[in-house]
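Structure record follows, encoded as structure tokens.
Protein chains in written order, with the working numbering: chain A, 509 to 618; chain B, 5 to 119.
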């Protein structure tokens with residue numbers, strides 16, 4: 509079993525749709541959590557950190573459930589420019605090692 | 005403010021050869037991590053350097069080695085290249101003395117092809 513697992517995808521949604529991605533992690537000692545976005549053949553870019561209290565950045569909302577070892581990302585009012593691969597990232601204590609999921613690909617269509 | 009830079013952008017090597025990839029971290033960052041990303045997969049952690057020492061290592065063989073210089077830049081060396089080493093190699097920098105979240109910023113990567 510992988511340490512970080514994401515929805516297999518791909519997700520194909522129309523513009524304006526709401527879409528949610530899920531991610532589970534296996535190591536309960538994990539300390540910090542992130543969502544990154546990666547466009548085709550580009551480097552990953554930090555989208556947002558994920559906090560236990562939940563956090564929102566415009567159309568994006570991230571949630572963390574430590575008890576269930578589960579992270580989510582909700583995108584509201586999808587735009588064509590949201591088309592990308594979304595990577596879930598889990599850091600261990602001391603942040604020495606980051607573990608990435610394999611990503612979920614989102615395609616937003618007109 | 006310069007972001008993370010990597011060189012070269014592309015590289016083609018023959019099986020058995022050795023390769024060195026270079027990374028300069030974002031200004032103000034002191035920690036460099038290296039990742040290997042195969043097609044269709046997420047980045048896999050190779051190792052992390054801080055204060056010129058390897059601090060953490062992922063599940064990669066000793067053929068993968070690195071170095072960090074006093075100016076925080078870093079090199080990744082891979083010896084005895086295998087076909088399976090073909091991948092995008094990403095460097096990420098962070099500020100270890102900053103927030104506990106250790107947000108990482110990635111360079112554009114070096115695409116290595118082993119033939």
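Glycine residues also receive a C-beta, built at the ideal position from the N, C-alpha and C atoms. Values in this document were obtained by computation on a predicted structure and should not be read as measured data.
Look at the beta carbons and you see the segment 64-77 of chain B not touching the segment 605-618 of chain A: under three pairs across the two are nearer than 8 angstroms.
Around the beta carbon of residue 6/B, a 10 Å sphere encloses fewer than 16 other beta carbons of the protein chains shown; the residue is thus reported as exposed.
DSSP lists 40/B, 114/B as the beta-bridge partner residues of residue 93/B. Taking a 10 Å sphere around the C-beta of residue 95/B, we find 16 or more other C-beta atoms and assign the residue as buried. Spanning the alpha carbons of residue 545/A and residue 107/B requires a straight line of approximately 13 angstroms. Taking 8 angstroms as the upper bound on Cβ-Cβ separation, chain B lies near residues 550, 551, 552, 553, 554, 557 of the segment 550-577 of chain A.
In the three-state reduction of the DSSP assignment, residue 590/A falls in the helix class, which pools H, G and I. Looking only at 75/B, 50/B, 117/B, the smallest Cα-Cα distance to residue 32/B is reached by 75/B. DSSP links residue 518/A through a beta bridge to no other residue. In the structure shown, the three-state DSSP call for residue 88/B is helix. Scanning 551/A, 571/A, 542/A for the CA closest to the CA of residue 606/A turns up 542/A.
About 5 angstroms separates the CB atoms of residue 98/B and residue 35/B; that is less than 8 angstroms, so the two are in contact. Annotated as proximal: residue 93/B and residue 10/B, with beta-carbon spacing under 9 angstroms.
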